[in-house]
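All remarks here apply to the structure that follows.
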Amino acid sequence: APKQRKIRQFFVKW
Amino acid sequence: MFEARLVQSVILKKVLEAIKDLLTEATFECSDCGIQLQAMDNAHVSLVSLNLRSDGFDKYRCDRNLSMGMSVPCMSKILRCASSEDTVTLRAWDNPDTIVFVFESPNRDKISEYEMKLINLDQEHLGIPETLYSCVVKMPSQEFARICRDLSQFGDAMTIACSKEGIKFSAAGDYGTANVKLAQTAETENQEEAVVVEMKEPVKLTFSCRYLNSFVKATPLCAQVQLSMSAEVPLVCEYQIGEIGHIRYYLAPKIDD
Numbered sequence: 001a002p003k004q005r006k007i008r009q010f011f012v013k014w
Numbered sequence: 001m002f003e004a005r006l007v008q009s010v011i012l013k014k015v016l017e018a019i020k021d022l023l024t025e026a027t028f029e030c031s032d033c034g035i036q037l038q039a040m041d042n043a044h045v046s047l048v049s050l051n052l053r054s055d056g057f058d059k060y061r062c063d064r065n066l067s068m069g070m071s072v073p074c075m076s077k078i079l080r081c082a083s084s085e086d087t088v089t090l091r092a093w094d095n096p097d098t099i100v101f102v103f104e105s106p107n108r109d110k111i112s113e114y115e116m117k118l119i120n121l122d123q124e125h126l127g128i129p130e131t132l133y134s135c136v137v138k139m140p141s142q143e144f145a146r147i148c149r150d151l152s153q154f155g156d157a158m159t160i161a162c163s164k165e166g167i168k169f170s171a172a173g174d175y176g177t178a179n180v181k182l183a184q185t186a187e188t189e190n191q192e193e194a195v196v197v198e199m200k201e202p203v204k205l206t207f208s209c210r211y212l213n214s215f216v217k218a219t220p221l222c223a224q225v226q227l228s229m230s231a232e233v234p235l236v237c238e239y240q241i242g243e244i245g246h247i248r249y250y251l252a253p254k255i256d257d
């Protein structure tokens, strides 16, 4: 089954 | 001093309903431009971004930038004390420990004040890159809410596939499968009922139903919802908030290893 990603994998930390 | 007044407190009531499933606490950033909030849910799977522009308020004053950490359940309790016809004013002093909510009835014969303690939050702030999405779909928000509710009965995850024909939602589980297809509407006079697909490339992505069902709590804010998707990046689910701003939900997709 596809795995749930975390949102911060996609965005840059400020 | 910070003071923001909205004649229609119902807008703020709806905003709280739209975030309280996902967030337990959040920092409200107040500046000359308005009020912004950005926060992830506890599991860090989704992100809520709220923007209320200062020019959308009936009165707005913010002498210096303030970051106010608030308990969302507490704020929600306070806003439930306002009648929908009431005017709401948010008020805080510089370096505040508390924020005051003032509700006034239409003929000003009842004035209620609720003071809430602020909390110190060390929240991670994420920069969201500008993205050109492969598919942008606008559709009636009630229809989207209905589809999320219906399909979540069949599985924990929902696949959204978008092509030039339209948008297809599907779910599969132990009981069977469910598929809902929406075609683009022809030129219609009623824009609230329209389904419009702007597509550069077809997209197929899978998302957790639980989060989508939290996002659709924003349905009372706007008749239309906008879904923006590209392969293997978060979905953006956006609701306009009248003339004052918007709420965007970002949801990380499920991806095969």
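Heads up: the sequence lines are chains W and E, in that order. Residue numbers are given in this note's numbering: position 14 of the first sequence equals residue 14, and the series is strictly consecutive. Residue numbers are given in this note's numbering: position 235 of the second sequence equals residue 235, and the series is strictly consecutive. We put the beta carbon where it would ideally sit given N, CA and C, even for glycine.
Any C-beta of chain W under 9 Å from that of residue i
i	result
residue 204(E)	no
residue 254(E)	yes
residue 128(E)	yes
residue 208(E)	yes
residue 233(E)	yes
residue 246(E)	no
residue 66(E)	no
residue 257(E)	yes
residue 239(E)	no
residue 250(E)	yes
residue 157(E)	yes
Buried or exposed by the 16-neighbour rule on C-beta atoms within 10 Å, applied to residue i
i	result
residue 175(E)	exposed
residue 226(E)	buried
residue 12(W)	exposed
residue 131(E)	exposed
residue 238(E)	buried
residue 81(E)	exposed
residue 14(E)	buried
residue 140(E)	buried
residue 122(E)	exposed
residue 111(E)	exposed
residue 41(E)	buried
residue 188(E)	exposed
residue 127(E)	exposed
residue 98(E)	exposed
Within 9 Å, strictly: CB atoms of residue i and residue j
i	j	result
residue 137(E)	residue 197(E)	yes
residue 56(E)	residue 34(E)	yes
residue 163(E)	residue 83(E)	no
residue 143(E)	residue 195(E)	yes
residue 253(E)	residue 206(E)	yes
residue 168(E)	residue 18(E)	no
residue 89(E)	residue 210(E)	no
residue 208(E)	residue 4(W)	yes
residue 2(E)	residue 86(E)	no
residue 104(E)	residue 71(E)	no
residue 52(E)	residue 255(E)	no
residue 37(E)	residue 27(E)	yes
residue 199(E)	residue 135(E)	yes
residue 20(E)	residue 73(E)	yes
residue 251(E)	residue 46(E)	yes
residue 118(E)	residue 247(E)	no
residue 22(E)	residue 152(E)	no
residue 170(E)	residue 159(E)	yes
residue 79(E)	residue 31(E)	no
Identified DSSP bridge partners for residue i
i	result
residue 29(E)	36(E) and 67(E)
residue 179(E)	170(E)
residue 240(E)	246(E)
residue 139(E)	225(E)
residue 51(E)	36(E) and 246(E)
residue 104(E)	87(E) and 111(E)
residue 116(E)	99(E)
residue 61(E)	3(E)
residue 255(E)	3(W)
residue 12(W)	127(E)
residue 82(E)	Paired residue(s): none; residue 82(E) is not in a bridge.
residue 207(E)	158(E)
### Query
When you check each C-beta in the region 33-53 of chain E against every C-beta of chain W, which residues fall closer than 7 Å?
Within the region 33-53 of chain E, the residues whose Cβ lies closer than 7 Å to some Cβ of chain W are 40, 44, 45, 46 and 47, listed in chain order.
#### Entry: Members of the region 119-151 of chain E that neighbour chain W once the beta carbon cut-off is set at 9 Å
124, 125, 126, 127, 128 and 129
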